[in-house]
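Listed in order, the protein sequences are those of chains A and B.
Here the working numbering is used: position 87 in the first sequence is 87, and no number is missing along the way.
Here the working numbering is used: position 93 in the second sequence is 188, and no number is missing along the way.
For reference, the structure discussed in these notes is given below.
Number of protein chains: 2
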Amino acid sequence: MTPLSTKEIESHLESLEGWSYNEDAIHTTLEFNDFKDAFSAMTRIAFEAEAQQHHPNWFNVYNTLEISLSTHDAGGVTEKDFKMAKTIESIVSEN
Amino acid sequence: MTPLSTKEIESHLESLEGWSYNEDAIHTTLEFNDFKDAFSAMTRIAFEAEAQQHHPNWFNVYNTLEISLSTHDAGGVTEKDFKMAKTIESIVSEN
């Protein structure tokens with residue numbers, strides 16, 4: 001899988017809400033009511049990440065979740081990252 | 096709850112394996128076989144964190160999990176952190 005160009009990444013980012021691109025990855029920060037809500041979302045994301053065999057870099061403190069996506073093998077951001085970002089967006093918007 | 100002194104922290108650390116103290120928190124890095132194993136441990140830790148009402152700062156990438164514990168309200172490391180660290184150690188050693 002080849003990495004997307006900056007132009008392609010910026011175009012893809014327009015279809016997402018609250019994601020940005022820097023340091024060869026796309027990032028978002030999500031906020032939940034509390035830890036249980038944050039970890040519930042993480043659990044749903046974990047199942048999808050495993051199914052897509054594409055795993056996030058993520059950092060959680062209480063109700064806050066920071067997620068970064070990149071495709072290590074490709075050395076940049078690929079379609080796989082945007083597929084995963086879309087999945088995350090749809091999981092979070094259901095709550 | 097009052098923060099422990101550096102001496103007390105160092106003494107407590109001796110009863111744990113693979114934890115260190117810096118920047119007003121205690122830290123460990125755990126490695127698992129794969130993402131499923133890492134997230135399974137996270138799930139067990141999450142339930143305990145919620146039960147103890149003491150939540151970790153944690154960062155996961157695939158099979159690696161970095162955990163930091165501190166007691167925000169006390170502005171340092173307290174007995175609560177070591178209780179949680181012991182819990183994490185016992186969860187991980189069961190696997």
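Backbone N, C-alpha and C define an ideal beta-carbon position, used for all residues, glycine too.
These numbers come from a predicted model, not from an experiment.
* With DSSP run on the structure shown, which of helix, strand or coil describes B/SER163? -> The residue labelled residue 163 of chain B in the question sits at position 68 within the second sequence. Reduced to three states, the DSSP call for B/SER163 is strand.
* Asked: What's the call for A/ASP34, buried or exposed, on a 16-neighbour Cβ count within 10 Å?
  -> Start at 1 with the first residue of the first sequence, and residue 34 of chain A comes out as number 34. With fewer than 16 other Cβ atoms within 10 Å, it is exposed.
* If we count the other Cβ atoms within 10 Å of its Cβ and call it buried at 16 or more, is B/SER165 buried or exposed? -> For the purposes of this step, residue 165 of chain B is taken as residue 70 along the second sequence, with counting starting at 1. Label assigned to B/SER165: buried.
* To do: Compute the distance between the beta-carbons of B/ALA136 and B/ASN158, then report whether it is under 7 Å.
  => Sequence index remark: in the second sequence, residue 136 of chain B carries index 41 (1-based). Sequence index remark: in the second sequence, residue 158 of chain B carries index 63 (1-based). No.
* Asked: Is A/ALA46 close to chain B, meaning its C-beta is less than 7 Å from at least one C-beta of that chain?
  -> Here residue 46 of chain A refers to the residue found at position 46 when the first sequence is read from its first residue. A/ALA46 counts as touching chain B.
* Asked: Does any C-beta atom of chain A lie closer than 7 Å to the C-beta of B/ASN128?
  -> Here residue 128 of chain B is taken as the residue at index 33 of the second sequence, counted from 1. It does not: the Cβ of B/ASN128 has no partner Cβ on chain A nearer than 7 Å.
* Opening and closing residue of the beta strand (DSSP E) in which B/PHE154 lies -> Locating residue 154 of chain B in the second sequence gives position 59, counting from the first residue. 152-156 is the extent of the beta strand (DSSP E) around B/PHE154.
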